[in-house]
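Below you'll find the structure, written out as structure tokens, and then a few comments.
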Amino acid sequence: MSEIRDLSLKESGLQKINWVKDNMPILAQLEQQFIKEQPFAGVKVSLSIHLEAKTAYLATVIKAGGANIRVTGSNPLSTQDDICAGLVASGIEVFAWYQSTKEEYENHLLHTLEFGPNVIVDDGGDLVNMLHNKLPHLLPNIYGGCEETTTGIVRLKAMDKANELTFPMMNVNDADCKHLFDNRYGTGQSVFDGIMRTTNLVIAGKTIVVAGYGWCGKGVAMRAKGLGAKVIVTEIDPIKAIEAVMDGFSIMTMDEACDDGEIFITVTGCKDVITSKHFLKMKQNAILCNAGHFNLEVSYEELEKIAIKKITRRKNIVGYTLENEKTVNLLGEGRLVNLTCADGHPAEIMDMSFAIQALCAKYIVENKDTLENHLYSVPKEIDDYVARKKLQAMNIKLEQLTDDQKKYLSSWE
Ligand code: NAD
Ligand code: SAH
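Residue numbers (the numbering used here): 136 to 548.
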């Protein structure tokens, strides 16, 4: 049983999945290992991550390990219908389609969980929320789960603190092989992929405002600078603000930045970072996009409310004309620009993030009897394993400590 848009798109989906597979060597090795060891034999796994080619390959690898698997997307605009078809053609149950309504999106989550999973792989907390709020009868089946992104972790920490978590969760985002590369280099590249594909405008010479100088913001600001833009950063954290200044960026409030900004990119995980007062201050034709969480950072709701006219200007660009007769342009409905207007992070980056996911899912199954209902850090051995495999794939060798060096480094005299 699956709910997808159009199975006849399977050839295009399979083509895309095969392309990324060739560029995800760590996952490809894990697939071979899982085929032999069958770590998920008899285990049901529900997965909710942006449903494009790399996620499809992750699902295939977990299935190869013996899992009975159901998959949905983690954002209504990032699901690719041909990928869903390709997955269904490979024997995986999928519940998702592009541009699902709120109700359809929730039903898809529900159907992904209804078979009573033992392990969940989540991205932003949708599965955890639905299980706790709407499907509590399924909670006893769950061994545990893994969370992919920063905002999902913020929510899990709050649940853990309030003792509301009813199964163990692995903090995949905090693994070094995840946030150092995915959030920074992945977001840095794929955000500009999304903006450039969609607008077909030049970046060099533009003034770009980056809201948030965390892992994603650092990557976005770095790539904006590399492409020749003038970069302004907004922050709430004094240390991050100094870091941005020392990295060569201007720090301002969003209010101040509105005077000069031409492209605005939010990556804070917070809500209402750009609101009506900012829209009304912006230059004619300013471009707005978000790469943080859902459509709350650039307030979609307020923009919809204050606009006196709204027109589609190109695919994925809506122009909103305001009472001051200026137009601001919103990309991808204010949802993650790298996934709604492009294919998300590149394969080689998701190879590391998803190797961590696959190994954490296996870790949960192996340790289900001892893990408690808390949020866990990814074990260092998993992080190191993925880093070493990545170096191997890049044919890069490391120095090895001699016994004498080890002794020297652990002595205090
Ligand atoms: P982070 O915690 O490292 O950084 C967020 C930064 O934003 C912090 O420095 C914080 O001080 C700052 N901030 C918070 N509220 C602010 C505000 N109102 N104005 C200005 N700055 C503010 O988080 P991160 O790992 O960079 O992730 C940021 C968001 O991006 C999260 O929602 C995460 O889930 C999402 N994310 C998206 C992608 C993607 O593919 N688009 C990838 C990874 C993470
Ligand atoms: N569901 C929320 C959560 C933010 S998702 C939302 O849609 O707003 C942010 C996560 O997307 C990141 O942690 C990153 O690992 C993941 N991501 C980025 N590119 C991806 C890709 N190509 N395929 C799957 N996931 C991707």
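Backbone N, C-alpha and C fix where the C-beta goes; we use that ideal spot for every residue, glycine too.
Range covered by the alpha helix (DSSP H) that runs through residue i
{"i": "LEU474", "result": "472-475"}
{"i": "THR334", "result": "322-334"}
{"i": "CYS495", "result": "482-501"}
{"i": "LYS156", "result": "145-156"}
{"i": "ILE161", "result": "160-172"}
{"i": "GLY287", "result": "285-296"}
{"i": "ASP539", "result": "538-544"}
{"i": "ASP518", "result": "515-528"}
{"i": "ILE377", "result": "373-381"}
Spatial neighbours of residue i in its chain, beta-carbon cut-off 7 Å, leaving aside the 5 residues before and after
{"i": "THR456", "result": "ALA442, ILE443, LYS444, THR462"}
{"i": "THR247", "result": "SER181, SER183, ARG205, VAL206, THR207, PHE230"}
{"i": "LEU362", "result": "PHE327, ILE338, ALA339"}
{"i": "GLU553", "result": "Residue coverage of the chain in this structure runs from 136 to 548, which leaves residue 553 outside it and unanswerable."}
{"i": "SER512", "result": "ASN306, ASP309"}
{"i": "HIS243", "result": "GLU138, THR207, PHE230, ALA231, SER235"}
{"i": "GLY323", "result": "GLY354, VAL355, MET357, ARG358"}
{"i": "PHE169", "result": "VAL196, ALA199, GLY200"}
{"i": "VAL289", "result": "GLY404"}
Own chain partners of residue i with C-beta closer than 6 Å, once the 5 adjacent residues on each side are dropped
{"i": "SER488", "result": "LYS313, ASP317"}
{"i": "TRP350", "result": "HIS314, ASN318, ARG319"}
{"i": "LEU431", "result": "LYS406"}
{"i": "ASN203", "result": "LYS179"}
{"i": "THR285", "result": "ASN308, GLY404"}
{"i": "LYS353", "result": "ARG319"}
{"i": "ASN425", "result": "THR401, GLU432, VAL433, GLY469"}
{"i": "LYS151", "result": "ALA188"}
{"i": "LEU300", "result": "MET294, ASN508"}
{"i": "HIS267", "result": "none"}
{"i": "GLY321", "result": "HIS480, ILE484"}
Limits of the beta strand (DSSP E) - the one that residue i falls within
{"i": "ARG448", "result": "444-449"}
{"i": "LYS365", "result": "365-369"}
{"i": "VAL206", "result": "203-207"}
Bridge-paired residues (DSSP) for residue i
{"i": "ASN425", "result": "THR401, LEU471"}
{"i": "MET304", "result": "GLY280, LEU510"}
{"i": "VAL263", "result": "Looking at the DSSP assignment, VAL263 forms no beta bridge with any residue, so it has no partner."}
{"i": "ILE409", "result": "VAL433"}
{"i": "VAL229", "result": "VAL206"}
{"i": "ILE197", "result": "The partner list for ILE197 (beta bridge, DSSP) is empty, contrary to what the question assumes."}
{"i": "LYS179", "result": "ASN203"}
8 Å Cβ shell around residue i - same chain, five flanking residues per side excluded
{"i": "THR388", "result": "THR369"}
{"i": "ILE517", "result": "ALA310, ILE491, LEU494, CYS495, TYR498"}
{"i": "PRO252", "result": "LYS179, VAL180, SER181, ARG205, LEU273, ASN276, ILE277"}
{"i": "LEU526", "result": "LYS532, LEU533"}
{"i": "VAL223", "result": "SER137, ILE139, LEU142, LYS145, VAL229"}
{"i": "GLU507", "result": "PRO303"}
{"i": "LYS524", "result": "PRO160, ILE161, GLN164, ALA490"}
Backbone secondary structure at residue i - three-state DSSP
{"i": "ILE184", "result": "coil"}
{"i": "ALA359", "result": "helix"}
{"i": "ASP217", "result": "helix"}
{"i": "GLU458", "result": "coil"}
{"i": "ASP258", "result": "coil"}
{"i": "ASN464", "result": "strand"}
{"i": "THR342", "result": "strand"}
{"i": "LYS418", "result": "coil"}
{"i": "GLU249", "result": "coil"}
{"i": "ILE386", "result": "strand"}
{"i": "ILE452", "result": "strand"}
{"i": "GLU534", "result": "coil"}
{"i": "GLU548", "result": "coil"}
{"i": "GLU138", "result": "strand"}
{"i": "GLY479", "result": "coil"}
{"i": "ASP317", "result": "helix"}
{"i": "GLY354", "result": "helix"}
{"i": "ASP395", "result": "coil"}
{"i": "THR190", "result": "helix"}
{"i": "PHE348", "result": "Note that residue 348 is Tyr in the sequence shown, not Phe. Looking at TYR348 - three-state DSSP - the assignment turns out to be coil, as it is neither helix nor strand."}
{"i": "GLU299", "result": "coil"}
{"i": "PRO211", "result": "coil"}
{"i": "LEU222", "result": "helix"}
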